[in-house]
Amino acid sequence: MKKLPYILIATRFIFAPAIISLAYFKGDESRFLILILMYFGLLTDIFDGIIARKAGVSSEKLRRIDSQTDLVFWLSLGFASYFLNPEFLKSEYKGILLIFVMEALCYLVSFLKFGKETCTHAFLSKMWGLSLLIAFTYLIGFQEVGWAFYLTVMLGFVSHIDVILIILLLPKWQYDIPSSYHAWKIRNGKQRKKTIFFN
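With the numbering used here applied, the sequence shown closes on residue 222, and no number is skipped along the way.
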């Protein structure tokens with residue numbers, strides 16, 4: 024039971040190259056299988072935190088591994104989407120570039136201030152993850168961009184602003200901070216940091 028969270032995270036990490044390979048080598052015939060891996064990967068993301076908490080093995084190390092695995096997993100779906108729908112994504116490059124810039128900025132600010140990557144697992148970031156799920160379902164499954172893509176770009180921008188504010192407000196590096204408001208309360212000594220799990 025104590026090893027299961029790590030197994031779930033490793034499973035999601037292994038899915039990443041599998042998803043990219045399927046999209047690159049199998050093309051359109053891989054769409055349904057990629058969607059299955061995406062949704063199964065989401066389930067591993069939900070349950071690794073729940074099981075870790077119940078097994079008493081949740082730690083900074085586990086949360087950092089989980090956070091970086093999430094990044095690799097979602098990036099793999101982004102590359103897969105490009106291989107399957109290059110014409111769609113080329114026309115929407117401005118929104119995609121904005122998200123990449125914001126993600127890089129979060130890491131840059133965190134490394135400059137704390138010397139390590141961000142690991143907030145903030146509420147808005149979770150909402151952005153759900154919007155990514157919907158957008159990739161439309162893009163990979165139905166070959167459509169539409170409202171789901173634009174919602175993802177909007178939520179991605181807002182959630183990254185929130186993460187940057189969390190980093191700037193925190194007096195020292197911490198993980199699992201729900202929002203910039205909670206970071207502000209911690210900074211002002213109005214709330215002791217509590218580990219809060221969303222997955």
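Each residue gets a CB set at the ideal place from its N, CA and C atoms; glycine is no exception.
| Check | Outcome |
| --- | --- |
| Residue from K195, L188, Y47, Y198 whose Cα sits closest to the Cα of S104 | Y47 |
| Neighbourhood of L60 by C-beta distance below 7 Å, restricted to the same chain and skipping five residues each side | F38, A41, I42 |
| Distance between T34 and K77 (C-alpha atoms, nearest Å) | 20 Å |
| Boundaries of the alpha helix (DSSP H) in which G169 is found, first to last residue | 169-192 |
| Inter-residue Cα distance where the pair is Y65 and I88 | The question names Tyr, but residue 65 is Leu in the sequence shown. Roughly 15 Å separates the two Cα atoms. |
| Own chain residues within Cβ distance below 6 Å of A158, not counting five before or after | A171, F172, T175 |
| Residue from I163, S182, L131 with nearest C-alpha to F102 | I163 |
| Host alpha helix (DSSP H) of T160 (start-end) | No alpha helix (DSSP H) holds T160; DSSP gives it neither H nor E. |
| Nearest residue (CA-CA) to L128, options T141, K117, D93 | T141 |
| Alpha-carbon spacing of S53 relative to T67, whole angstroms | 21 Å |
| Residue burial classification, N211 (beta-carbon count within 10 angstroms, cutoff 16) | exposed |
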